[in-house]
Amino acid sequence: VVSLPPRPRREEGGARAGCSGQGDCPQPQMVRPSNLTWHEHVGGARRAVLQGQRPAVLWLTGLSASGKSTIAHELDKLLLASGHAVYVLDGDNVRKGLNEDLGFSAEDRAENVRRVGHVARLMVDAGLFVLVPLISPYRKDRDAVRSMLGSGQFLEVYVNASVETCEARDPKGLYAKARAGQIQDFTGISAPYEAPLRPEIEVHSRDAAAVEHAQTIHRFLAEHGHFESPVETSADGDSRINDEKPQLFAELSASGWVTGLVALATAAAGSFTLGFVMARKWRC
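All residue numbers for the sequence shown refer to my numbering, where the first residue is 8 and numbers rise by one.
Structure, rendered in structure tokens:
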């Protein structure tokens, strides 16, 4: 087993080695392969029909401590409780793994958004609602993610909170460190934040509790048809509504593995019943 040295971690505001974080970071030379093909055998539309929802990325942007993550996780609970498939791509969580090699310079922030955007796109293709609470301070980076997705699949949620409000909260003590000069490139203090110009949803986090904002977003999804099963259009232009589930089940049954699963489940249930009866009989 070969042990690899741990990757260096950077604190908030950290820049890559060899650059100041002010736009002078050397970019790695990357050779893009030309022999790649996008493989897709079951389209995202069919997965969405199985989920019974119109999947979308809900991109929650705002200053640090504006309440993005809190609202996202409250919305996560609401969606799960109402029977919808959803996942939260939390900014801090992503930086602990996929993006642990990135700092907080403008270049690294752009790369952070790009990577998360591509992951979110794949999850939408799987039929999920994807909640992304991420500062993502630059419009061009957020717009780049929007361009990856289809119409109605990118919903920008502006969690509007002033610097003063966020600094008063400061749950991680980051604003105090930024004011003291201990953190460079801190959004809202020493680095810019470009607010959305036309977000699909805007909430003012100072005006209500996170759960109320989550309910507002939940209502938006309901009112805009995201909780309805999609309509697929065939090659000849005919619409098919809600007829995919039985069709797909029939296809899977024909392949034999559904029958095997049903038999296995039946056998497991029978074993459990037999064990229960025996336990009652011999008091074991």
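C-beta: ideal position from N, C-alpha, C; glycine also. Here the structure is a predicted model, which is why all the values come from computation and not from measurement.
Helix, strand or coil at V56 according to DSSP, with G and I counted as helix:
helix
If we ignore side chains and look at the alpha-carbon of each, how far apart do A92 and K75 end up?
20 angstroms
When you compare the CB positions of G159 and R54, do they come within less than 8 angstroms of one another, or not?
no
Expressed to the nearest angstrom, what Euclidean distance is found between the alpha-carbon atoms of Q222 and L82?
7 angstroms
What residues match up with L162 in a beta bridge as DSSP calls it?
L65
H211, DSSP secondary structure in three states
strand
Using DSSP with H/G/I as helix, E/B as strand and the rest coil, what is A202?
coil
What three-state label does DSSP hand L43 in the structure shown?
coil
Every unbroken beta strand (DSSP E) inside the segment 101–161 [3 residues or more]
136–140
Go to V93, then tell me how far its beta strand (DSSP E) extends in each direction, as first and last residue.
V93 to V95
With DSSP as the reference, please indicate the residues paired to T194 in a beta bridge.
A198
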